[in-house]
Each structure stands twice: as structure tokens, then as C-alpha cells.
Ligand SMILES: Cc1cc2nc3c(=O)[nH]c(=O)nc-3n(C[C@H](O)[C@H](O)[C@H](O)COP(=O)(O)O)c2cc1C
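In this note's numbering, the protein residues as written are 1 to 222.
This is the structure we're talking about:
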């Protein structure tokens with residue numbers, strides 16, 4: 001698979017086959033992703049690979065946190081609703097597209113909506129959840145490095161026949177993750193990635209999101 005195909009074929013996979021990913025494969029994937037670029041080669045990524053019983057327990061605790069309305073609190077400042085209009089329009093369009101695809105009316109279908117939200121905390125059935133952290137003492141630049149690292153994992157996963165979905169929904173329960181996974185408080189838990197073999201027959205995996213054209217976000221200076 002060439003790089004263009006990988007970039008164009010990757011999408012956020014939200015349903016997985018009931019098939020484990022063996023530890024060697026996860027290791028190989030990370031062994032490639034470690035060649036991602038980072039500022040001054042700082043390589044600030046720290047990865048918790050959560051599978052098996054540990055993943056089941058974590059999912060249960062997260063679902064419990066959602067059900068009991070435990071406060072969502074990220075380790076970092078997360079975008080509020082007060083974003084520029086052009087961004088808000090894109091975010092709203094994303095939600096509308098997902099809900100339409102899943103035939104959910106978020107205003108009336110309360111049960112379906114809740115189920116939709118909880119799917120995130122089951123990692124959409126993926127057998128592996130990668131939780132990526134960085135040290136608190138680093139500047140905001142380390143978030144850039146984490147993003148690049150995560151994208152390398154997501155693209156490389158395709159070569160292994162694997163799929164991913166980046167998530168920030170899970171890391172909204174940062175304290176729970178720190179406690180459950182013994183991640184020290186001097187780390188910022190940035191994001192997670194689901195990892196598994198995609199269920200390509202699942203309706204949700206037929207969903208593809210739109211992108212703006214190059215002209216919408218580019219200025220050429222000559
Ligand atoms: C940092 C980040 C966080 C995300 N968090 C979630 C999430 O919590 N749940 C989810 O279903 N999708 C999540 N997504 C997936 C985005 O919705 C998705 O990337 C976007 O709609 C574009 O679709 P695509 O990845 O299928 O191309 C996240 C993506 C990124 C990059």
C-alpha cells in the first residue's frame with residue numbers, strides 16, 4: 001500500500017471483529033511508529049496498551065462514570081463551544097452526519113443517543129485501546145508530536161490489516177485513567193486510539209466524512 005492510498009483509505013473505524021490482536025503485532029506497530037518525527041527528537045509519547053481483562057475492567061469503570069454522571073475533566077484545555085463559526089459549522093456537520101447515518105434524532109431518541117455515546121467507552125468493540133500520554137513539564141509543542149505519532153500508528157495499522165479510531169472521549173475521564181492505569185499525575189493523558197480488525201460489513205463503517213477543498217484552508221505566497 002502506498003502512502004497516498006493509506007491516507008485516503010484510513011477512516012475512523014467504529015465497529016470491530018471479535019478477533020484479538022496479538023501482542024507481537026502491537027509491538028511491531030509501535031516499533032514502526034517510534035520513527036515519527038518530534039521537536040528536537042524529544043519523542044514525548046508514552047503509551048499504555050490496554051487489552052483483555054484490563055480493557056474490560058476499564059470499559060466497565062468508564063461506562064459507570066458516564067452513567068453516574070461523573071465530571072468529565074481533561075488533563076488539558078479542551079475546545080469549548082466558543083470556537084470560530086467556521087469550525088463550529090464543521091463540528092456540527094460531523095455530528096449531524098453521524099446521527100443521520102445511525103438514524104438517531106438526538107433530541108428525541110434519548111436511549112439511542114446514550115447507546116451511541118457508550119459505544120465510545122467500549123472502544124467500539126476493539127480488542128486494544130492505546131492510551132497516549134506526555135509529561136506535564138513539556139510545552140504545548142509536545143501535543144504536535146503526539147498527533148504525528150498517532151497518525152503514524154493509524155496509517156501503519158492499515159498495512160497490518162488493522163484499523164483505528166482516534167478518541168478524546170475516553171481521556172475526558174482523565175482522573176479515572178490515572179487511577180486505573182497508574183499513570184502518574186505529572187503526565188498529561190492526551191488521547192486514545194482503538195485498535196483492532198475492522199468489521200467492514202458494519203453499517204457504521206460505511207460512513208465517510210467530508211473534507212474541505214485545498215482552497216478553503218490555503219494561501220499561496222509567491
Ligand atoms: C483528536 C481526535 C479525537 C477524536 N475523538 C473521537 C471520539 O471521541 N469519538 C469518535 O467517535 N471519534 C473521534 N474522532 C474521530 C473524528 O470524528 C474523525 O477523525 C473525523 O470525523 C474525520 O473522520 P475520519 O477519521 O473517518 O476521516 C476523533 C478524532 C481526533 C483526531
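Even for Gly, the Cβ is constructed at its ideal location relative to N, Cα and C.
For residue j and residue i, the rounded distance between their alpha carbons
i	j	result
residue 198	residue 137	37 Å
residue 218	residue 126	36 Å
residue 7	residue 185	35 Å
residue 180	residue 58	7 Å
residue 13	residue 220	34 Å
residue 92	residue 64	27 Å
residue 25	residue 35	16 Å
residue 188	residue 142	10 Å
residue 41	residue 146	12 Å
residue 50	residue 111	28 Å
residue 134	residue 83	25 Å
Start and end residues, alpha helix (DSSP H) containing residue i
i	result
residue 147	141 to 159
residue 63	52 to 67
residue 25	23 to 33
residue 8	3 to 9
residue 73	Where residue 73 is concerned, there is no enclosing alpha helix (DSSP H), given that its DSSP letter is neither H nor E.
residue 216	214 to 217
Closer than 8 Å: residue i CB and nearest ligand 1 heavy atom
i	result
residue 122	no
residue 177	no
residue 4	no
residue 166	yes
residue 129	no
residue 160	no
residue 207	yes
residue 200	no
residue 86	no
Proximity winner among the options, relative to residue i (alpha-carbon distances)
i	options	result
residue 3	200, 156, 201, 169	156
residue 102	208, 122, 135, 34	208
residue 168	211, 123, 139	123
residue 182	46, 16, 150, 18	46
residue 190	170, 200, 202, 165	170
residue 11	172, 61, 211	211
Beta-carbon separation (whole angstroms), residue i vs residue j, contact threshold 8 Å
i	j	result
residue 153	residue 130	7 Å
residue 115	residue 1	No, residue 115 and residue 1 are not in contact; Cβ-Cβ is about 34 Å, not under 8 Å.
residue 104	residue 113	6 Å
residue 128	residue 21	5 Å
Segment limits, beta strand (DSSP E) that includes residue i
i	result
residue 128	128 to 135
residue 223	For the chain, the structure presents residues 1 to 222; residue 223 sits outside this window and is missing.
residue 190	187 to 196
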